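Visitor: Here you go, one structure.
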Amino acid sequence: MVRNEDVPELSPMADADSAVAALFQSHRLAMVRFAVLLVDDVETGEDVVQEAYAALHRRWPALADRDAAVGYLRTCVLNGSRSVLRRRRTVRRNPYPDADSLTVEGADGGVLLAEEHREVIAALQRLPRRQREVIVLRYWSELSEAEVAATLGISLGAVKSNAFHGRHAIAAALGGAE
Amino acid sequence: MNTVDDRIAAALRARAEALTEADLSPASPPVGRRWVQAARVRWTAPLLAAAIVGIVAAATVTAVQLSRSDRANPATTPTVSVPPSPSGVAPAPSASTSAPSQSQSPSPSPSQPQSQSPSQTQRPTESRPASSQSATQTPSATGAAPSASPSPTGTPSQAPPPVYERYQPLWPFGSYAEAEQWRTEGGGSQPWHLDPEQTALDFTRSYLGFTEIDQVTGTFFDDLGAHIGVGYRDPDGVSHTAATLHLVQYGTASDSPWEVVGSDDTTFTLEQPAYGSQVSSPMTVGGHITGVDENIVVSVLASQTDRATLAQVPAGGDGAAWTTGEVSFEQRGVLTIVASTGGHLQQVERFAIQGVHT
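Residue numbers (the working numbering), protein chains in the order written: chain V, 2 to 179; chain D, 1294 to 1651.
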């Protein structure tokens, strides 16, 4: 769970190296987990997160603020994940001989999950991108609806609508269980 | 309990926590100016190339336009200053003449969630027809909402479902059929159904019973309906918003009535159980609150008379979580869960609602 209160205390004047290193130590795993829930494979998730930390390092002078840093990272991971998904869609539309190598399930595809969890994850993977993002941010990152809205840059109403539909789609995939 | 919510949360947790530190590839955080410079250099070449292509393309288009202008206005441009196009055929418009496209992903912002309470009235500029059989208008003031509406003779539409289908109807109508019945048979009576502000106030005062809240503090329309701030004025004459209610027009006709579907929560939120979820007794109600010395009263309403107070919870802090723990209830059907707090200026100063069903 990535919550701002988990972030270690950082001096506003801390230089980028030490501050980003501290965040790297404390949040890399959580951010990779977040990315994996969006893009479905660890290797890509790690790349997305590394890019996010790189972006944070470049921008550090403008956001030497611990609350802003985690929010910034989260948004970078989200945008990086969207780019990955966009590239995958493009590859699927315009396949070339090695396209399978870009679209196969990641190395963690065989991760052992209980059957009931696997059903939920499969249903999650079939959701439209926006609904999936809302579901992950609400149920895993445990953000409030307002925080989800701010992270995704959408309205509260849109958050509620996407959560409602995403949740119902998952419930339907589970056989209508509520 | 909310089985689906629990299952989603548990599955996401299981999936995420299957990944441990040991599974991650060794990596180091980015450090040093050299890395930053390297990152910048990596982008320099493509940016320069894009800029050169843009300049060349712009120059080509300008030359062609001048050439065409020369031919079109020979009297005003007797001297040929730019050679005409050899073929005399203008090139097809090229996308490369425009600026390089940019990603539409929202740019990362360090800002925290902002209050979305409406601060000013933004009314649609056009008045709603008193009655219309064409049923082609949408409730949106912006015109960006789903625009297609059912037509007896129309072809099947590819438009997304109407906005009202996306939400849990709470009040005053229990179903779309009831709303349509009012529209087709009783449109002349209770005209307040056509006024989202009055509907929001009546919901607050008559249905919830918060009679101290007596004014609309703001109105905002968007593709998702109307967002009506309801509140009160303190003894100094300062207006306070107690809640921003979300309403949608319940139907696609221009004279469809308004329906309360939820609240847009900011500093006081009701998040558990999830919006639109199925609940059973006992359930846990919770959310977040910013404020001091708060006493949150949680109630559940199945109708104006079938209601119960579930819990009172002391709370306070900056975005502090609050929860009732497990509480039992007997109400059935579509339920409105209400959390209210106050006691400083009046009994109810802020409230939030959540629509669920059993």
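Glycine included, C-beta positions come from ideal geometry on N, C-alpha and C. Quick caveat: nothing in here was measured; it's all calculated off a predicted structure.
Buried or exposed, going by whether 16 or more other CB atoms sit within 10 Å of the CB of residue 1588 of chain D?
Guide: exposed
Visitor: How would you label residue 51 of chain V, buried or exposed, when you count the other beta carbons within 10 angstroms and need 16 or more for buried?
Guide: The residue is buried, with at least 16 neighbouring Cβ atoms inside 10 Å.
Visitor: Buried or exposed: which applies to residue 1597 of chain D, given that a residue is buried once 16 or more other Cβ atoms fall within 10 Å of its Cβ?
Guide: exposed
Visitor: Express the C-alpha separation of residue 84 of chain V and residue 1498 of chain D in angstroms, rounding to a whole number.
Guide: 48 Å
Visitor: Less than 8 Å between C-beta atoms, sequence neighbours within five positions excluded: which residues of the same chain meet that for residue 1532 of chain D?
Guide: 1508, 1510, 1524, 1525 and 1526
Visitor: Pick out whichever of V:155, V:171, V:35 and V:34 has its Cα sitting closest to the Cα of residue 120 of chain V.
Guide: V:171
Visitor: In the DSSP assignment, find the unbroken alpha helix (DSSP H) run with residue 1539 of chain D in it and report its ends.
Guide: Here residue 1539 of chain D belongs to no alpha helix (DSSP H); instead the beta strand (DSSP E) covers 1532-1542.
Visitor: Listed in chain order, which residues of the segment 1300-1323 of chain D have Cβ atoms closer than 9 Å to some Cβ of chain V?
Guide: 1300, 1301, 1302, 1303, 1304, 1305, 1306, 1307, 1308, 1309, 1310, 1311, 1312, 1313, 1314, 1316, 1317, 1318, 1320, 1321, 1322 and 1323
Visitor: Return the Cβ separation of residue 1601 of chain D and residue 1622 of chain D in integer angstroms, given the expectation that the two are a contact with Cβ distance under 8 Å.
Guide: 6 Å
Visitor: Starting from residue 126 of chain V, find everything on chain D with Cβ-Cβ shorter than 9 Å and list it in chain order.
Guide: None at all; the shortest Cβ gap to chain D is about 10 Å.
Visitor: To the nearest whole angstrom, what separates the beta carbons of residue 1551 of chain D and residue 1542 of chain D, a pair I think is in contact under 8 Å?
Guide: 6 Å
Visitor: Just to confirm the assignment, what range does the beta strand (DSSP E) spanning residue 1685 of chain D have?
Guide: In the structure displayed, chain D extends from 1294 to 1651; residue 1685 of chain D sits before or after that span and is not available.
Visitor: Residue 1567 of chain D CB to nearest chain V CB: under 8 Å?
Guide: yes
Visitor: Can you list, in chain order, the residues of the segment 1547-1578 of chain D whose Cβ is nearer than 8 Å to any Cβ on chain V?
Guide: 1555, 1557, 1558, 1559, 1562, 1564, 1567, 1568, 1569, 1570 and 1571
Visitor: Give a yes or no on whether 8 Å exceeds the smallest Cβ distance from residue 1631 of chain D to chain V.
Guide: no
Visitor: Residue 81 of chain V and residue 132 of chain V: beta carbons closer than 8 Å?
Guide: No; because the gap between Cβ atoms is not below 8 Å, this pair is not in contact.
Visitor: Out of D:1583, D:1614 and D:1576, which has the shortest C-alpha to C-alpha gap to residue 1620 of chain D?
Guide: D:1576
Visitor: Can you find the residues in the same chain that come closer than 6 Å, C-beta to C-beta, to residue 1635 of chain D, ignoring five residues on each side of it along the sequence?
Guide: So the list reads 1641 and 1642, once near-sequence residues are dropped.
Visitor: Report buried or exposed for residue 1548 of chain D, applying the criterion of at least 16 other Cβ atoms within 10 angstroms of its Cβ.
Guide: buried
Visitor: Roughly how many angstroms separate the alpha carbons of residue 1316 of chain D and residue 1538 of chain D, rounded to a whole number?
Guide: 46 Å
Visitor: Just curious, the alpha helix (DSSP H) that residue 122 of chain V is in, first and last residue?
Guide: 116-126
Visitor: Going by C-alpha distance, which of V:115, V:27, V:162 and V:154 is nearest residue 136 of chain V?
Guide: Ranked by Cα distance from residue 136 of chain V, the options V:115, V:27, V:162 and V:154 are led by V:162.
Visitor: Mind pulling the beta strand (DSSP E) runs of 3 or more residues that sit fully within the segment 1558-1622 of chain D?
Guide: 1576-1594 and 1600-1620
Visitor: Using only CA atoms, which one of D:1346, D:1314, D:1303 and D:1457 lies nearest to residue 1544 of chain D?
Guide: D:1457
Visitor: Under a Cβ-count criterion, where at least 16 other Cβ atoms within 10 Å of its own Cβ denotes burial, should residue 1562 of chain D be classed as buried or exposed?
Guide: Taking all protein chains in view, the Cβ of residue 1562 of chain D is crowded by 16 or more other Cβ atoms within 10 Å, so the residue is classified as buried.
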